[in-house]
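Just add 74 to wherever you are in the sequence shown, counting from 1, and you've got the working numbering.
Even glycine gets a Cβ: it sits at the ideal position worked out from N, Cα and C.
Quick caveat: nothing in here was measured; it's all calculated off a predicted structure.
Since the structure comes first, as structure tokens, the remarks are kept for the end.
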Amino acid sequence: MSYSDNVLASLKSRYAYQPEFLQAAQEILSTLQPCLDKNPAYEKNRILERITEPERIFSFKVEWLNDQGGIEVNHGYRVQFNSAIGPYKGGLRLHPSVNEGILKFLGLEQILKNSLTGTPIGGGKGGADFDPKGKSDNEVMRFCQAFMIQLYRYIGPTIDVPAGDIGVGGREIGYLYGAYKRLTTRYEGILTGKGLNYGGSLARTEATGYGLVYFTDAMLKDKGESLKGKVCAVSGAGNVAIYCCEKLYEMGATPVTVSDSRGTIYDPNGIKVDVLKQVKEVERASLSRYAELVSTAKFTPVSDYPQGKHQVWTYKVDAAFPCATQNELNEEDAKTLLANGCTCVAEGANMPSTIGAINEFLKAKINYGPAKAANAGGVATSQLEMEQNAGMTSWTFEEVDSKLHGIMTNLYNNTAATAREFGLDGNLVLGANIAGFRKVADAMIAQGVI
Ligand code: NDP
Ligand code: 2IT
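Written as structure tokens, this is what we have:
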């Protein structure tokens, strides 16, 4: 058995109850062996055993009062996964499905993603099994305050800097930041995605979706292709999906779908981004509301909510952008997309494609941009926010956006070059994993073991 197979087998025997973590580990470890063969120091220093084990995990109770004065209890976490190249950095997710295994998958992906950005940030992730749906603003505020009472002692601008993820946007970051400031009396950049009038960065809201499209543009240009004229399927209707749609239009492409946990919108005329923002960012409503506002849009509900699946991958499109959540695109969906002529898939969500789906894309040799490369624009811009906070300054939208564009283009070039170096031209899964891994592994070796 190879070194990487051995480590994966050991993880599988110890963490069978964390399927998403094992899936992420498998996707990564199954591509690293050529790089491990080339540099025996990685096995000698037991890097795989060390990089797949979080440095520490905080797991805590979050008690808060609902609007009726009743006591609610949730479970919160922060996984500080790897600090070899910088302070822990990664989002907070608020969703009923959150558990330690989900956060370990996200944290492991984050280590390599952050390394790929070329900036000095380590990997972390956190969150809670709190469901923001149906909660009042005041309930969300009290939850965020209770969460921060538990978290504040473990974070800091050079220690660990959380941000948003599913269920955590500008509103939640504001409440979390306010709680931290009251608890510590410190005004410091301990979160990214902050409001613009208290230390946030222009273009952070747009960054993941815009970065995804910049990455895709670089990937297509490398093959002499472009996004112009392409019909696109986008899933999700949150932060990443909205700004992916917005930038697709700027590139001359047309997004024809979006989805949320309740259903799918299809409109061959194109998704109206202003209406989508109104429904999801302002009203926080379901997409059925979008169909009320746009007469050409067809809404297909998810039949067995909350377990059901959206319909996004059933439509005939040239390019697909999964931007909702993990494992939302399976092998069958991949085959449907390919049969319908889709030649480009770029992942805005983390681990949206199952291993079966990834294998279909690689076999078909389409343009496939894996999540840790394609969606790195969000965290890269978070790092730009940290830089602005540290310098007590703020840059213009154009400055940040142009840095983001540069980072995504470099990231694509580095990923593609690494795939070529290992004789697998176009395999960006292998390229991203090896390029991200090497930098972290070398730093771990340099820093020794105590
Ligand atoms: P949001 O909470 O803003 O949006 C998530 C969207 O996905 C919502 O429309 C949600 O539906 C929909 N959705 C459908 N099914 C599910 C499900 N089972 N679980 C969760 N959401 C579901 O999150 P983001 O847009 O920020 O995140 C989307 C994806 O992108 C995630 O995988 C996240 O990890 C990843 N990502 C986010 C980054 C960021 O900067 N925000 C950076 C890099 C990656 P509904 O509206 O009904 O809740
Ligand atoms: O998955 C991700 O990269 C994010 N949710 C963004 C993390 C961040 O620190 O900006």
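Only residues of its own chain outside the window of five on either side were considered, and among them T428, G430 and A431 have a CB closer than 7 angstroms to the CB of N404, listed in chain order.
In summary, Q521 is exposed, with fewer than 16 beta-carbon neighbours lying within 10 Å of its beta-carbon over all protein chains present. Leaving aside the five residues that flank D205 on each side, the residues in its chain whose CB is nearer than 6 angstroms to its CB run, in chain order, P170. Within the same chain, Cβ atoms closer than 6 angstroms to the Cβ of T374 are found at G337, T338 and Q385, the five residues on either side in sequence being excluded. With contact defined as three or more Cβ pairs closer than 8 angstroms, the segment 365 to 384 and the segment 408 to 425 are not in contact. Not a single heavy atom of ligand 1 lies less than 7 angstroms from the C-beta of C418.
With contacts defined as CB atoms closer than 8 angstroms, V308 and P329 qualify as a contacting pair.
Around the beta carbon of Y77, a 10 Å sphere encloses 16 or more other beta carbons of the protein chains shown; the residue is thus reported as buried.
When the Cα atoms are used, G192 and I264 turn out to be separated by approximately 21 angstroms. With respect to the 8 angstroms criterion, Y116 and A515 are classified as neighbours on the basis of their beta carbons. At the C-beta level, L322 and V353 stay beyond 8 angstroms of one another. Close CB contacts of Q184 within its chain, under the 6 angstroms cut and outside five residues either way in sequence, are with G164, G197 and K199 (chain order).
The beta carbon of N148 lies closer than 6 angstroms to those of V136, A202, D203 and F204 in the same chain, with the five residues before and after it left out. For the pair S360 and F496, the Cα-to-Cα distance works out to about 46 angstroms. Between the segment 215 to 232 and the segment 241 to 260 there are three or more C-beta pairs closer than 8 angstroms, enough to call the two in contact. Note that the C-beta distance between L186 and K446 is below 8 angstroms.
In the three-state reduction of the DSSP assignment, H169 falls in the coil class.
With a contact defined as Cβ atoms closer than 8 angstroms, G422 and A315 qualify at about 7 angstroms. Under the three-state reduction of DSSP, S133 is assigned to strand. Distance from the C-beta of R336 to the nearest heavy atom of ligand 1 is below 7 angstroms. For the pair F289 and M466, the CB atoms are not nearer than the 8 angstroms cut-off.
For D234, the uninterrupted beta strand (DSSP E) run begins and ends at D234 to A237, by DSSP. T279 has its Cβ no nearer than 7 angstroms to any heavy atom of ligand 2. Counting of Cβ neighbours within 10 angstroms places G298 among the exposed residues, the total staying below 16.
With a threshold of 16 other beta carbon atoms within 10 Å, P426 meets it and is buried.
Distance check between L168 and each of L96, N119 and G243 places G243 closest, using alpha-carbon atoms only.
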